[in-house]
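**Q** For what it's worth, our numbering labels the leading residue of the sequence shown as 0, then goes sequentially.
By construction, the Cβ of each residue, glycine as well, lies at the ideal position given by its N, Cα and C atoms.
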Amino acid sequence: METMETMEDIEIIEKNTILIADDAEINREMIKFIFDEQYNIIEAENGEQAIEIIKKDSDKLCLLFLDLLMPKKSGLDVLAFMNEEYYINTIPVIMITGEATDETDEKAYEYGASDIIYKPFAPNVVMRRAKNIMELFEHRIYIEHKLEKRTRQLRESREKLERSNEFLVNALSSVVEFRSLESGEHIQRVKYFTKLFLKYIMKIYPKYGITKEQSALIVNASALHDIGKIAIPDSILLKPGKLSEEEFEEMKRHTIYGCELLEKFRQEDNEFYHYCYDICRYHHERHDGNGYPDRLKGDEIPIWAQIVSVVDVYDALVSKRVYKDPFAVEEAARMILEGECGVFSPEMLDCFRLAKQELFAVTEGKFSFADVMVK
0 METMETMEDI EIIEKNTILI ADDAEINREM IKFIFDEQYN IIEAENGEQA
50 IEIIKKDSDK LCLLFLDLLM PKKSGLDVLA FMNEEYYINT IPVIMITGEA
100 TDETDEKAYE YGASDIIYKP FAPNVVMRRA KNIMELFEHR IYIEHKLEKR
150 TRQLRESREK LERSNEFLVN ALSSVVEFRS LESGEHIQRV KYFTKLFLKY
200 IMKIYPKYGI TKEQSALIVN ASALHDIGKI AIPDSILLKP GKLSEEEFEE
250 MKRHTIYGCE LLEKFRQEDN EFYHYCYDIC RYHHERHDGN GYPDRLKGDE
300 IPIWAQIVSV VDVYDALVSK RVYKDPFAVE EAARMILEGE CGVFSPEMLD
350 CFRLAKQELF AVTEGKFSFA DVMVK
């Protein structure tokens with residue numbers, strides 16, 4: 000059974016030292032008298048001393064009493080320093096003043112002071128307010144550490160899941176390569192082309208809201224676009240000539256077979272699974288509704304499936320297959336841009352034009368996938 004985390008579980012260091020920075024010795028003695036039975040006390044006579052003590056002992060300080068008007072550096076100067084060096088996030092500050100104005104009060108709070116006490120002060124009031132502030136700060140730091148720990152655990156879990164996903168993708172895509180006798184470079188090219196298109200989609204079409212993390216998942220998911228070909232008979236999958244109408248209808252079902260296979264690996268609320276499913280099912284849909292298997296139109300087709308759709312067509316055109324010789328890259332580009340391979344969205348065609356030279360360079364082997372996949 001899960002137990003409640005203690006402060007020690009999240010490695011919070013106990014602080015038990017109060018710094019009193021005031022140029023009037025009597026004020027320091029009065030505050031010291033209130034707290035010296037329960038806390039270690041350090042004193043500073045001016046702002047410069049206070050800053051040096053903060054630098055040296057910040058990990059011990061649980062509270063700073065800070066006079067507003069001091070020689071060398073004022074209380075506001077000390078607060079400004081604490082903001083610049085982020086000490087204000089870990090050390091609560093109570094300002095002490097007898098000459099405050101609305102302007103100085105506002106400035107002190109703006110710089111992060113937790114409270115302001117006006118001279119002369121009542122010891123029991125100072126004690127209570129100081130205790131409240133230290134407890135609030137301690138609780139806030141505890142919550143922040145707890146959130147940090149949870150965030151780290153979630154990140155580690157996500158990284159572990161991503162490694163598992165990548166292993167699954169590599170295993171399944173290898174089966175597709177073996178089954179269909181396609182080159183392993185086909186899947187590598189589709190992954191790279193998908194990454195390339197995503198770069199332009201994220202840059203010129205922020206409306207889709209694709210993040211860097213989502214982009215990485217989509218690239219991996221693209222490798223499984225043809226996983227359903229595992230279920231297509233050899234007589235159709237490896238046929239060197241044109242497919243009959245009946246054979247083509249069976250070939251089109253690889254989109255459905257792939258989703259049925261993916262269902263066996265489904266995990267609840269798994270973002271990666273949804274990208275895999277969408278790409279597998281919809282990468283043969285077309286913008287005008289004349290694709291398959293569901294005849295989706297326009298933005299009914301998920302953007303990641305649209306990307307894999309166009310890069311898969313391009314790679315099929317420029318690759319040698321059992322039923323055809325490769326087209327030249329310029330001819331393949333013309334066929335896509337002029338709609339000879341189905342209708343793609345204006346956004347996809349924009350991205351294709353922007354990415355065209357990079358696509359050609361990869362296709363013609365001008366640089367290796369070891370280089371391009373780390374860009």
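DSSP three-state label for VAL317, please.
**A** helix
**Q** Using a Cβ-Cβ distance cut-off of 8 Å, determine whether LYS319 contacts chain B.
**A** Reference to chain B is not applicable here, since this structure consists of a single protein chain.
**Q** Is it the case that the stretch 333-344 contacts the stretch 309-324, given that we only count it when at least three CB pairs across the two stretches are under 8 Å?
**A** yes
**Q** Look at TYR256 and GLY297 and say whether their C-beta atoms are less than 8 Å apart.
**A** no
**Q** Could you tell me if THR362 is buried or exposed, where buried requires 16 or more neighbouring beta carbons within 10 angstroms of its beta carbon?
**A** buried
**Q** On a Cα-Cα basis, can you pick out the residue from GLN48, ILE17, VAL125 that is closest to LEU62?
**A** ILE17
**Q** Just checking my contact of PHE46 with MET29 at CB under 8 Å: how many whole Å lie between their CB atoms?
**A** Reading off the sequence, residue 46 comes out as Gly, not Phe. With 8 Å as the limit, GLY46 and MET29 do not qualify as a contact, their Cβ atoms being about 20 Å apart.
**Q** Measure the alpha-carbon distance for ILE302 versus ILE200 and round it to whole angstroms.
**A** 9 Å
**Q** Taking the beta carbon of PRO91 as the centre, do at least 16 other beta carbons fall within 10 Å, making it buried, or is it exposed?
**A** buried
**Q** Thinking just about the alpha-carbon of each residue, which of GLU98, PHE351, ILE33 is nearest to the one in THR193?
**A** PHE351
**Q** Leaving out five residues before and five after GLN40 in sequence, what residues of the same chain have Cβ atoms less than 7 Å from its Cβ?
**A** One point to set straight first is that residue 40 is Ile, not Gln, in the sequence displayed. Around ILE40: ILE17, ILE19, LYS31, PHE34.
**Q** Is the beta carbon of VAL77 sitting closer than 8 Å to the one on ALA107?
**A** The Cβ atoms of VAL77 and ALA107 lie no closer than 8 Å to each other.
**Q** Less than 8 Å between the CB atoms is what I'm expecting for LYS71 and ILE95, so what's the real figure, rounded?
**A** Rounded, the Cβ-Cβ distance is 17 Å, inconsistent with contact.
**Q** Please name the residue in ASP277, TYR291, TYR276 whose C-alpha comes closest to that of HIS283.
**A** TYR291
**Q** Answer yes or no: do ARG128 and ILE116 have a C-beta to C-beta separation smaller than 8 Å?
**A** Yes, Cβ-Cβ distance for ARG128 and ILE116 is below 8 Å.
**Q** I'd like to check one pair, ASP66 with ASP114: are the Cβ atoms closer than 8 Å?
**A** no
**Q** I need the boundaries of the beta strand (DSSP E) containing PHE64, first residue and last residue.
**A** 60-66
**Q** What are the start and end residues of the beta strand (DSSP E) that includes GLU299?
**A** Note, GLU299: premise wrong, no beta strand (DSSP E); not H, not E.
**Q** What would DSSP say about MET334, mapped onto helix, strand or coil?
**A** helix
**Q** Where does ASN131 fall in DSSP's three states?
**A** helix
**Q** May I ask you to report which of helix, strand or coil DSSP gives GLN356?
**A** helix
**Q** In the DSSP assignment, what are the bridge partners of GLY341?
**A** Its beta-bridge partners are GLU339.
**Q** May I have a chain-ordered list of the alpha helix (DSSP H) segments no shorter than 4 residues that lie completely inside the stretch 194-260?
**A** 211-221, 233-236, 244-251
**Q** Enumerate in chain order the residues of its own chain whose CB-to-CB distance from TYR110 is below 8 Å, with the five nearest sequence positions on each side excluded.
**A** So the qualifying residues of the chain are LEU75, LEU78, ALA79, MET81, ASN82, ILE87.
**Q** Taking all protein chains shown into account, do 16 or more other C-beta atoms lie within 10 angstroms of the C-beta of THR254, making it buried, or fewer, making it exposed?
**A** buried
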